[in-house]
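Peer 1: Got a structure for you, questions after.
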Amino acid sequence: MRIVLLICLVIATILGIYNWIYEREVASAKKRIGLAVPEKVSLLLKINIYISLGIVILLGLFSLFSK
Amino acid sequence: MQQDAGQLLRERDVGDFLTSQEEETLLVLRTHPSTVIMPCIGIIFFAVLTFTLSILLSQTFSIPSVLTTTGILLFLLSLLTAFGKIIVDWYFHIYIITNRKILEVMYKPFYSEVVDDVMLDMVRCTEIAVKVNGILNHILNKGDISICFDMPTHQDHFIFSNVSSPHKMGILVSKLLSSSQTANMSAGTIPVWYRQNPLLNPHRILNKVIPNIPLSVKT
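Those protein sequences? They're chains A and B, same order as listed.
First residue of the first sequence: 18, per the working numbering; consecutive thereafter.
First residue of the second sequence: 5, per the working numbering; consecutive thereafter.
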């Protein structure tokens, strides 16, 4: 079961990194095309990042304490 | 700047797309909100379905609750990621009509970037067609506006896809195009055939360059 949890942890980490890079790309839209992203959209993407981080930490704890 | 349709944007939301002198923004719009709402409803449906199925499966096959929770969390995370992407892609897809050009900007961060513009000084608008296909599009009042331009070497189409109130927008677009072209002709506006100073305009949108015409850099 630990192996399954570790695989899930890796997937969650990849998704978290993707969300973080995506948020950076969206934030740089003003420089790229001159269109600024509104705060609500930026907040939604930041929430995605925090949720990813929370899930990674949770899965890390699960895999640490599982058999 | 037109203000009479719900999906029209404020000018400050548009960004710095005005690259010529005496250029004014006439119309800015995004696609119909249903292009976002339908996928989001699908995402919510899949999330509920996954949650229900995982609970049933974990009880039927005695799967440890840790694994079930992990699976649900991962799936919800990926759905949230998709949800964010759908909203961002919709937000960064806009159509702009100014008195000098028509512009479509479609920016998908991390994936693609399309900027399609038609300089109205160089073309003649020959046809504006409004298309609404399907029962759902009729109910939602969503459709396409296709503008056919007669260019020196070929004909081309510029399509506003999935816009709200397509008939009303089609009439508005036709009035804007005919009034802007008339204004350009009567004002004796110099056709745009020079290359903008890239230091002043950070965009990669460049006006068309006509061969054998000396270039002048605007300062």
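Think of the CB as a built atom: it goes at the ideal place given N, C-alpha and C, for glycine as much as any other residue.
1) Would you call the region 94-102 of chain B and the region 129-138 of chain B touching, i.e. three or more CB-CB distances under 8 Å?
2) Using beta carbons (cut-off 9 Å, strictly below), is Y111 of chain B in contact with chain A?
3) Of all Cβ atoms in chain B, is any one closer than 9 Å to the Cβ of N36 of chain A?
4) How is the beta strand (DSSP E) around F162 of chain B delimited, first residue to last?
5) If you measure from the beta carbon of A29 of chain A to each beta carbon in chain B, is any gap under 9 Å?
6) Buried or exposed for S182 of chain B, going by 16 or more other Cβ atoms inside 10 Å?
7) Listed in chain order, which residues of the region 69-86 of chain B have Cβ atoms closer than 7 Å to some Cβ of chain A?
8) Consider the Cβ of E42 of chain A: report whether some Cβ of chain B lies at a distance smaller than 9 Å.
9) Can you tell me whether A133 of chain B is buried or exposed, with buried defined as 16 or more other CB within 10 angstroms of its CB?
10) Who does A133 of chain B pair with in a DSSP beta bridge?
11) Could you check whether L57 of chain B and Y99 of chain B sit closer than 9 Å to each other, using their CB atoms as the reference points?
12) Reducing DSSP to helix, strand and coil, say where L33 of chain B ends up.
13) Which residues of the region 83-108 of chain B have a Cβ closer than 9 Å to any Cβ of chain A? Give them in chain order.
14) Among the residues of its own chain, which have a CB less than 6 Å from the CB of P195 of chain B, if the five just before and after it don't count?
15) Roughly how many angstroms lie between the CA atoms of W37 of chain A and T157 of chain B, to the nearest whole one?
16) What does the Cβ neighbour count give for G46 of chain B, buried or exposed, with the cut at 16 atoms within 10 Å?
17) Using DSSP with H/G/I as helix, E/B as strand and the rest coil, what is Y115 of chain B?
18) Under 9 Å between the Cβ atoms of M105 of chain B and M123 of chain B?
19) What does R49 of chain A touch in chain C if you count any residue whose Cβ is under 8 Å from its own?
20) How about I90 of chain B and P43 of chain B: do their beta carbons lie closer than 9 Å?
21) Is it true that the region 36-52 of chain A meets the region 50-70 of chain B, where meeting means three or more beta-carbon pairs spaced less than 8 Å apart?
22) Identify every residue that forms a DSSP beta bridge with T39 of chain B.
23) Please state whether DSSP places V127 of chain B in a helix, a strand or coil.
24) Counting only beta-carbon separations shorter than 9 Å, does F114 of chain B have a partner in chain A?
25) So, for N65 of chain A: in the same chain, excluding its five sequence neighbours on each side, which residues have a beta-carbon less than 7 Å away from its beta-carbon?
26) I want to verify the contact list: residues of chain B whose CB lies under 9 Å from the CB of L60 of chain A, in sequence order.
27) Output needed for N141 of chain B: all residues of its chain with C-beta closer than 8 Å, excluding positions within five of it in sequence on either side, in chain order.
28) For I72 of chain A, return the contacting residues in chain B, with the cut-off set at a CB-CB distance below 9 Å.
29) Would the beta-carbon of F162 of chain B fall within 9 Å of that of F153 of chain B?
Peer 2: Reading off the structure:
1) no
2) Mapped onto the second sequence, residue 111 of chain B falls at position 107. Interface residue, yes.
3) Counted from its first residue, the first sequence places residue 36 of chain A at position 19. Yes, its Cβ sits closer than 9 Å to a Cβ of chain B.
4) Indexing the second sequence from 1 puts residue 162 of chain B at position 158. Q159 to S168 is the extent of the beta strand (DSSP E) around F162 of chain B.
5) Within the first sequence, residue 29 of chain A is the residue found at index 12, counting from 1. So yes, A29 of chain A belongs to the interface.
6) To locate residue 182 of chain B, count along the second sequence from 1; it is residue 178. Under this definition S182 of chain B is an exposed residue.
7) V70, L71, T74, L77, L78, L81, S82, L84 and T85
8) Position 25 of the first sequence, counting from 1, holds the residue named residue 42 of chain A. Closer than 9 Å to some Cβ of chain B, the Cβ of E42 of chain A qualifies, so yes.
9) By one-based count along the second sequence, residue 133 of chain B stands at place 129. Exposed, because fewer than 16 other Cβ atoms sit within 10 Å of the Cβ of A133 of chain B.
10) Locating residue 133 of chain B in the second sequence gives position 129, counting from the first residue. DSSP, once it has assigned bridges, lists B:S150 as partnering A133 of chain B.
11) Counted from its first residue, the second sequence places residue 99 of chain B at position 95. Counted from its first residue, the second sequence places residue 57 of chain B at position 53. Taking 9 Å as the Cβ cut-off, Y99 of chain B and L57 of chain B do not qualify as a contacting pair.
12) Taking the second sequence and counting its residues from 1, one reaches residue 33 of chain B at position 29. The answer is strand: DSSP assigns L33 of chain B an E or B state.
13) L84, T85, F87, G88, K89, I91, V92, Y95, F96 and I98
14) In the second sequence, residue 195 of chain B corresponds to position 191, counting from 1. Below a pLDDT of 50, predicted positions are generally treated as unreliable, and P195 of chain B, at 49, falls in that range; the measurement from the model is reported next regardless. D125, listed in sequence order.
15) Residue 37 of chain A sits at position 20 when you count from the first residue of the first sequence. Residue 157 of chain B sits at position 153 when you count from the first residue of the second sequence. So the alpha carbons of these two residues sit roughly 46 Å apart.
16) As a working note, residue 46 of chain B is residue 42 in the second sequence. Exposed is the call here.
17) Taking the second sequence and counting its residues from 1, one reaches residue 115 of chain B at position 111. Coil.
18) The residue given as residue 105 of chain B occupies position 101 in the second sequence. The residue given as residue 123 of chain B occupies position 119 in the second sequence. Note that residue 105 of chain B is Lys in the sequence shown, not Met. Yes; because the gap between Cβ atoms is below 9 Å, this pair is in contact.
19) Given the protein chain composition of this structure (A and B), no chain C is represented.
20) For the purposes of this step, residue 90 of chain B is identified with residue 86 of the second sequence, where counting begins at 1. For the purposes of this step, residue 43 of chain B is identified with residue 39 of the second sequence, where counting begins at 1. In this structure, P43 of chain B lies closer than 9 Å to I90 of chain B by Cβ.
21) no
22) Position 35 of the second sequence, counted from the first residue, corresponds to residue 39 of chain B. DSSP, once it has assigned bridges, lists no residue as partnering T39 of chain B.
23) Along the second sequence, one-based indexing puts residue 127 of chain B at 123. Three-state DSSP puts V127 of chain B in coil, outside helix and strand.
24) Looking up residue 114 of chain B in the second sequence gives position 110. For F114 of chain B, the answer is yes, since a Cβ of chain A falls inside 9 Å of its Cβ.
25) If you number the first sequence from 1, residue 65 of chain A lands on position 48. For N65 of chain A, where only same-chain residues beyond five positions count, the Cβ hits under 7 Å are N36.
26) On the first sequence, residue 60 of chain A is found 43 positions in, with the first residue counted as 1. Neighbours of L60 of chain A on chain B: none; closest Cβ ~11 Å, over 9 Å.
27) For the purposes of this step, residue 141 of chain B is identified with residue 137 of the second sequence, where counting begins at 1. Once the five neighbours on either side are set aside, the close Cβ partners of N141 of chain B are G147.
28) Along the first sequence, one-based indexing puts residue 72 of chain A at 55. Simply T74, L77, L78, L80 and L81.
29) Along the second sequence, read from residue 1 onward, the residue named residue 162 of chain B stands at position 158. Along the second sequence, read from residue 1 onward, the residue named residue 153 of chain B stands at position 149. It is a contact, given that the beta carbons lie within the stated cut-off.
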